[in-house]
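Asks:
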Amino acid sequence: MAFFHFKNIRVAGISAGVPTNIVNNLTAKERISPNYENKDFVATTGVIERRFDGNLTTSDLCFKAAKQLMCDLNWQPEDIDAIIMVSQSLDFILPATACILQNKLGLTKECYAEDIQLGCSGWTYGMSTIAGLMQNGDIRKALLCCGDARPQYVLSNTGDPLFGHAGTVTAIEYDEGNDGLKCHFGTDGAGYNAIIKPYGGTRNLMTPDQFNVEEIDGKFYNGFQTRMNGMDVFSFGISTAPKSVKKLAEKYSFNYLDCDYFIFHQANCKMNDKIISKLKIDPAKAPMCMSHFGNTSSASIPLTIVSQLKGKADIKETSFICCGFGVGLSWGTIAFKTKNLIISNLVEVNSDEHLL
Numbered sequence: 024m025a026f027f028h029f030k031n032i033r034v035a036g037i038s039a040g041v042p043t044n045i046v047n048n049l050t051a052k053e054r055i056s057p058n059y060e061n062k063d064f065v066a067t068t069g070v071i072e073r074r075f076d077g078n079l080t081t082s083d084l085c086f087k088a089a090k091q092l093m094c095d096l097n098w099q100p101e102d103i104d105a106i107i108m109v110s111q112s113l114d115f116i117l118p119a120t121a122c123i124l125q126n127k128l129g130l131t132k133e134c135y136a137e138d139i140q141l142g143c144s145g146w147t148y149g150m151s152t153i154a155g156l157m158q159n160g161d162i163r164k165a166l167l168c169c170g171d172a173r174p175q176y177v178l179s180n181t182g183d184p185l186f187g188h189a190g191t192v193t194a195i196e197y198d199e200g201n202d203g204l205k206c207h208f209g210t211d212g213a214g215y216n217a218i219i220k221p222y223g224g225t226r227n228l229m230t231p232d233q234f235n236v237e238e239i240d241g242k243f244y245n246g247f248q249t250r251m252n253g254m255d256v257f258s259f260g261i262s263t264a265p266k267s268v269k270k271l272a273e274k275y276s277f278n279y280l281d282c283d284y285f286i287f288h289q290a291n292c293k294m295n296d297k298i299i300s301k302l303k304i305d306p307a308k309a310p311m312c313m314s315h316f317g318n319t320s321s322a323s324i325p326l327t328i329v330s331q332l333k334g335k336a337d338i339k340e341t342s343f344i345c346c347g348f349g350v351g352l353s354w355g356t357i358a359f360k361t362k363n364l365i366i367s368n369l370v371e372v373n374s375d376e377h378l379l
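Position 155 of the sequence shown, counting from 1, maps to 178 under the working numbering, and the rest follow consecutively.
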């Protein structure tokens, strides 16, 4: 069973960067979805508006967020021993985007740098990866960068109406005596094609034909864009997330209802409402940011904390349960407490603020 208790780990701070450009799904002049009128799409998904800029990459957003968080924490570049980047929209197939961020942030050449290609569960997996690296105490401070800036839709200049662009950074440090992170993870690879970008890897090689646009379930794609079976993903999310939270609480003998905040991946407002109902959680303890930012993949959990809990979770000791679920299919749930947590102001990034 994939349970882990990583002790001596402290979540020190969280920041998020988003494009300045706001796309409003209600007031968009074009019809944003072939299957719904704009108002019906908003009612179904809960996504009123989102941040989108086709000129920015995930690393552009994470870089600005990292600079802000390092300033707020008074962390110097030479203090940081590791940086991990979790994204499905990395700058290049190679080299690793984490290596580029290491250089641009001025981190030392002794810094550990790694990319993880994972989506909606990615923040939880990234947290556990850094926590595992820190167990012997040699790595003292680390940055976890998570986010996505998906390329624009073939027939739209404003991207898929469900998804927004965001890059987040979580600062983690070794802290002797801290109870750390309690984790539960799972995988169901039989559902790999529920969320898939079918071409561009080595299974289906790039050919000129893959640039042709085809219609699938009322949407238009080329071969290099992500496709999702919405009903399969919905069923997976409402089934898996509640079970994972309960399994974690049972394993480590705590009452999950005593937790201060539950942060779920912001996949779909109706999905999250169903998860909250199944767990019998007070909705006030499960904030959402999807209405203003859309589905931001691995950024959604830290973005929710930054946008919804500044002035709340950073002024007292706070307990969290965070659950991510999606592409893979994969899921992860983490329970932890924070004290003196630094939550940076939301960083807005202009279209011309490129890292490279």
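Note that the Cβ used here is the ideal one computed from N, Cα and C, for glycine as well.
By a C-beta neighbour count over all protein chains shown, 10 Å radius and 16 as the cutoff for buried, is Arg226 buried or exposed?
Replies: Flag for Arg226 reads exposed.
Asks: Can you say whether Pro100 is buried or exposed, counting buried as having 16 or more other CB atoms within 10 angstroms of its CB?
Replies: The residue is exposed, with fewer than 16 neighbouring Cβ atoms inside 10 Å.
Asks: Please look up how many angstroms separate the CB atoms of Cys346 and Phe287, rounded, as I've assumed it's under 8 angstroms.
Replies: With 8 angstroms as the limit, Cys346 and Phe287 qualify as a contact, their Cβ atoms being about 5 angstroms apart.
Asks: Between Phe234, Asp211, Thr210, which has its C-alpha nearest Pro221's C-alpha?
Replies: Measuring from the Cα of Pro221, the nearest candidate turns out to be Phe234.
Asks: Using 10 angstroms around the beta-carbon of Ser320, count the other beta-carbons present and answer buried if the total reaches 16, otherwise exposed.
Replies: When all chains shown are included, Ser320 counts as buried.
Asks: Residues in the same chain with beta-carbon distance under 8 angstroms from Ile37, minus the five sequence neighbours each way, listed in chain order, please.
Replies: Hits under 8 angstroms: Leu92, Thr191, Val192, Thr193, Ala194, Pro325, Ile328, Val329, Leu364, Ile365, Ile366, Ser367.
Asks: Do Thr341 and Asp283 have their C-beta atoms within less than 7 angstroms of each other?
Replies: Cβ distance < 7 angstroms, so Thr341 and Asp283 count as in contact.
Asks: Using the rule of at least 16 other Cβ atoms within 10 Å of the residue's Cβ for burial, across every protein chain shown, is Tyr176 buried or exposed?
Replies: Its pLDDT being 49, under 50, Tyr176 is placed unreliably by the model, and the measurement read from it follows with that caveat. With 16 or more Cβ atoms within 10 Å of its Cβ, Tyr176 is classed as buried.
Asks: Does the beta carbon of Gly260 come closer than 7 angstroms to any beta carbon on chain C?
Replies: This model lacks chain C altogether; it includes just one protein chain.
Asks: What residues in its chain sit with their C-beta under 8 angstroms from that of Asp76, if we drop five residues either side in the sequence?
Replies: Correct list, in chain order: Pro42, Thr43, Asn44, Ala172, His188, Val372, Ser374.
Asks: What residue ranges within the segment 42-90 form continuous beta strand (DSSP E) runs of no fewer than 3 residues, ordered along the chain?
Replies: Runs of the beta strand (DSSP E) inside the segment 42-90: 45-47, 72-74.
Asks: Decide if Cys85 is buried, meaning its Cβ has at least 16 other Cβ atoms within 10 Å, or exposed.
Replies: It is buried - the Cβ of Cys85 has at least 16 other Cβ atoms within 10 Å.
Asks: For Leu128, which option in Cys94, Ser112, Phe359 has the closest C-alpha, if you only look at C-alpha atoms?
Replies: The candidate whose alpha carbon is nearest that of Leu128 is Cys94.
Asks: Counting pairs of beta carbons, one from the segment 63-77 and one from the segment 289-299, are three or more of them closer than 8 angstroms?
Replies: Taking 8 angstroms as the limit for Cβ pairs, the verdict is that the segment 289-299 does touch the segment 63-77.
Asks: Output needed for Arg74: all residues of its chain with C-beta closer than 7 angstroms, excluding positions within five of it in sequence on either side, in chain order.
Replies: So the list reads Val41, Pro42, Asn44, Ile45, Gly187, His188, Ala189, Phe316, once near-sequence residues are dropped.
Asks: What's the C-alpha gap between Leu378 and Glu273?
Replies: Cα-Cα distance, rounded: 44 angstroms.
Asks: Between Glu238 and the ligand NAD, is the CB less than 6 angstroms from at least one heavy atom?
Replies: Inclusion of the ligand NAD in the displayed structure is not the case, the ligand content being empty and no account of it being possible.
Asks: Starting from Lys293, follow its DSSP beta bridges and name the residues at the other end.
Replies: Beta-bridge pairing links Lys293 to no other residue.
Asks: Between Leu49 and Ile344, what straight-line distance do the alpha-carbon atoms span, to the nearest angstrom?
Replies: For Leu49 and Ile344, the distance between alpha carbons rounds to 32 angstroms.
Asks: In the DSSP output, which residue or residues are listed as bridge partners for Phe186?
Replies: According to DSSP, which records beta bridges pairwise, Phe186 is partnered with Asn318.
Asks: Taking C-alpha atoms, which residue in Leu228, Asp255, Pro306 lies nearest to Phe348?
Replies: It is Asp255.
Asks: If you draw a straight line from the alpha carbon of Leu117 to that of Asp138, how long is it in whole angstroms?
Replies: Leu117 and Asp138: Cα-Cα distance of roughly 10 angstroms.
Asks: Residues in its own chain within less than 7 angstroms of Ala35 by CB, not counting five upstream and five downstream?
Replies: Around Ala35: Leu96, Ala194, Ile195, Glu196, Ile365.
Asks: Return helix, strand or coil for Ser374, following the three-state DSSP convention.
Replies: In the structure shown, Ser374 sits in coil (DSSP, three-state: anything other than H, G, I, E or B).
Asks: According to the Cβ coordinates, are Ile357 and Thr147 closer than 7 angstroms?
Replies: Yes. Within cutoff.
Asks: Smallest Cα separation from Asp102: which of Ile32, Gly355, Leu166?
Replies: The candidate whose alpha carbon is nearest that of Asp102 is Leu166.
Asks: Report the rounded CA-to-CA distance for Gln158 versus Gly355, giving the unit in angstroms.
Replies: Near 20 angstroms, if we compare the C-alpha coordinates of Gly355 and Gln158.
Asks: Please check the pair Asp202 and Lys30, which I expect to be a contact at CB under 8 angstroms, by giving their CB distance rounded to whole angstroms.
Replies: The Cβ separation is near 6 angstroms, so the contact holds.
Asks: Within a Cβ cutoff of 6 angstroms, which residues of the same chain sit near Asp211, ignoring the five residues on either side of it in sequence?
Replies: Correct list, in chain order: Leu352.
Asks: Ends of the alpha helix (DSSP H) at Met311?
Replies: Neither: Met311 is in no alpha helix (DSSP H) and is coded neither H nor E.
Asks: Below 7 angstroms between beta carbons: does that hold for Gly209 and Phe247?
Replies: Their beta carbons are not under 7 angstroms apart, which means Gly209 does not touch Phe247 by this criterion.
Asks: Could you check how far apart the C-beta atoms of Asp104 and Ser82 are, in whole angstroms? I think they sit under 8 angstroms.
Replies: Not a contact, Cβ separation roughly 20 angstroms.
Asks: With distances taken from CA atoms, which of Ala217, Ile304, Val268 is nearest Phe257?
Replies: Comparing Cα positions, the closest option is Ala217.
Asks: Mind checking Ser267: buried by the 16 CB within 10 Å criterion, or exposed?
Replies: It counts as buried.
Asks: Determine, using beta carbons only, whether Phe13 and Ile261 come nearer to each other than 7 angstroms.
Replies: Given that the chain is displayed from residue 24 to residue 379, the structure contains no residue 13 and the question cannot be resolved.
Asks: Taking the straight line between their C-alpha atoms, what separation do you get for Lys87 and Cys169?
Replies: Cα to Cα, Lys87 sits roughly 13 angstroms from Cys169.
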